[in-house]
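Residue numbers (our numbering), protein chains in the order written: chain V, 3 to 132; chain U, 3 to 132.
Glycine included, every Cβ here is placed at the ideal spot set by N, Cα and C.
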DNA sequence: TCTTGACTTAGAGTCCACTCCAACAATTAT
DNA sequence: ATAATTGTTGGAGTGGACTCTAAGTCAAGA
């Protein structure tokens with residue numbers, strides 16, 4: 003699979019795909035005899051994982067470290083487990099923060115909906131007059 | 003309340019507090035006669051809101067626009083409601099993405115726990131041998 | 001009064017995660 | 001065969017969100 007096809011399938015730019023490989027966020031991709039990238043199934047799995055992690059906001063650095071650990075073999079299993087658990091903690095905290103903000107947003111939106119209908123804000127416990 | 007006290011109370015640097023004000027992410031803060039910031043209750047509410055939004059990962063730009071709309075008065079209520087709903091959509095999508103990544107992470111972690119105990123991976127449906 | 005520490009601004013610097021560019025090589029279409 | 005497209009690299013540029021520095025002002029204690 004060419005870089006362009008991968009780019010289209012995963013809605014990610016070819017520049018970003020090359021960047022991920024260059025910095026080690028995914029292992030080196032399979033190449034044709036003439037040096038052109040030809041993503042195989044496993045390469046795609048790595049791409050998918052990288053995109054998933056980045057979409058959740060995890061740092062590129064963490065993926066680079068994970069890939070590095072994978073490449074040194076079985077002796078790094080404990081370290082890899084530790085890394086994954088750390089990133090899970092980060093995501094759980096991030097989700098908690100999002101939920102907190104969503105609650106605040108929902109309250110503000112409800113006040114604004116009343117304001118939009120009635121022309122003025124109700125008895126508003128909301129911060130700074132909403 | 004001085005900038006330093008606010009900085010300590012909200013675990014945010016004084017530089018960031020000044021930056022938020024400078025770019026318009028919060029309205030101008032109350033000052034003493036000699037020009038020194040003296041955050042009052044309402045100023046603090048704005049700081050709190052700004053921090054909450056940023057912690058959830060919402061862009062500074064969105065808060066700037068919200069503050070701008072608030073400052074032009076009641077005619078912007080509809081626009082403010084629209085902005086808040088947009089940001090809520092962003093957060094819901096972000097949370098969905100985090101949940102997806104958490105699921106993947108949890109599966110990988112479970113495989114690694116087995117591997118760490120037994121010394122090798124179980125029949126692994128996980129991508130790239132975990 | 002003097003020193004110490006906290007405050008002010010404007011502007012420069014940093015870090016992250018891309019994103020773009022130049023110059024060239026390989027493949028595909030006509 | 002040639003033109004267009006897609007690929008390659010190394011390196012420079014960008015945008016977002018801070019973070020730091022310089023040069024100076026203000027306030028509280030000895």
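**OP:** Give a yes or no on whether 8 Å exceeds the smallest Cβ distance from residue 57 of chain V to chain U.
**Re:** yes
Original post:
In whole angstroms, what separates the C-alpha of residue 67 of chain V from that of residue 95 of chain U?
Top reply: 27 Å
Subject >> Interface positions of the segment 105 to 117 of chain U facing chain V (Cβ-Cβ less than 9 Å), listed along the chain >> reply: 106, 107, 108, 110, 111, 114, 115 and 117
Original post:
Who pairs with residue 39 of chain V in a beta bridge, going by DSSP?
Top reply: V:33
Original post:
Taking only beta-carbon atoms, is residue 103 of chain V less than 8 Å away from chain U?
Top reply: yes
Subject >> Outcome for residue 24 of chain U when other beta-carbon atoms lying within 10 angstroms are tallied against a minimum of 16 >> reply: exposed
**OP:** Determine the chain U residues that contact residue 79 of chain V at a beta-carbon separation under 8 Å, and present them in chain order.
**Re:** 114, 117 and 118
Subject >> Contact with chain V by residue 100 of chain U, beta-carbon distance below 8 Å >> reply: yes
Subject >> Straight-line gap, residue 75 of chain U to residue 56 of chain V (C-alpha atoms, nearest Å) >> reply: 39 Å
Subject >> Close beta carbons around residue 82 of chain V, own chain, < 6 Å, minus the five adjacent residues each side >> reply: 71
Original post:
Per DSSP, what kind of secondary structure is residue 6 of chain U in: helix, strand or coil?
Top reply: helix
Subject >> Three-state secondary structure assigned by DSSP to residue 55 of chain V >> reply: helix
**OP:** Figure out for me which residue from V:12, V:47 and V:58 has the closest Cα to the Cα of residue 101 of chain U.
**Re:** V:58
Original post:
Leaving out the 5 sequence neighbours to the left and right, which residues in its chain are closer than 8 Å to residue 52 of chain V when beta-carbon positions are compared?
Top reply: 22, 27, 28 and 65
**OP:** Report the residue from U:111, U:89, U:32 and U:77 whose alpha carbon sits nearest the alpha carbon of residue 61 of chain U.
**Re:** U:89
Original post:
Grouping DSSP H, G and I as helix and E and B as strand, with all else coil, what is residue 46 of chain U?
Top reply: helix
Original post:
Would DSSP call residue 116 of chain V helix, strand or coil?
Top reply: helix
Subject >> Contacts around residue 50 of chain V, its chain only, beta-carbon distance under 8 Å, and the 5 residues preceding and following it disregarded >> reply: 12
Original post:
Beta carbon of residue 37 of chain V, beta carbon of residue 118 of chain U: below 8 Å?
Top reply: no
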